[in-house]
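Novice: Going by this note's numbering, the sequence shown opens with residue 22, and the numbers climb by one from there. Cβ coordinates follow ideal geometry from the N, Cα and C atoms, glycine included. Predicted model only: the values in this text are computed from it and were never measured. For reference, the structure I am asking about is given below.
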Amino acid sequence: MNDELLTTAKIAERLGVPASKVSKIVKEKAIEPDQKKGNCGYYGSAKVKQIEEALKGR
């Protein structure tokens, strides 16, 4: 399975919301990145869906 990994900025761009909202959800829900490169976290489709659902609930 080839899962595309996205940063919080790319997730925000894809969902059409500010990056700050995505970052806030990630911190509130303690969502761990699937992969880390340096200081940057990358999230797979399951976690993107989790972030999207949390945004819809607001």
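Quick one: what's got a C-beta closer than 8 angstroms to Thr28's C-beta in the same chain, skipping five residues either side?
Specialist: Excluding positions up to five away in sequence, the list reads Cys61, Gly62, Tyr63 and Tyr64.
Novice: Closer than 8 angstroms by C-beta to Met22: which residues in its own chain qualify, once you throw out the five before and the five after it? Chain order, please.
Specialist: Because Met22 sits at a pLDDT of 41, beneath the cut-off of 50, its placement in the model cannot be relied upon, and the point is left open.
Novice: Expressed to the nearest angstrom, what Euclidean distance is found between the alpha-carbon atoms of Val59 and Gln71?
Specialist: The sequence given here places Gly at residue 59; Val does not occur at that position. If I take the Cα positions, the gap works out to 23 angstroms.
Novice: Check whether the Cβ atoms of Leu26 and Glu73 lie closer than 8 angstroms to each other.
Specialist: Not closer than 8 angstroms, so no.
Novice: Name the two residues that bound the continuous alpha helix (DSSP H) containing Lys70.
Specialist: Segment Ser66 to Lys77, the alpha helix (DSSP H) holding Lys70.
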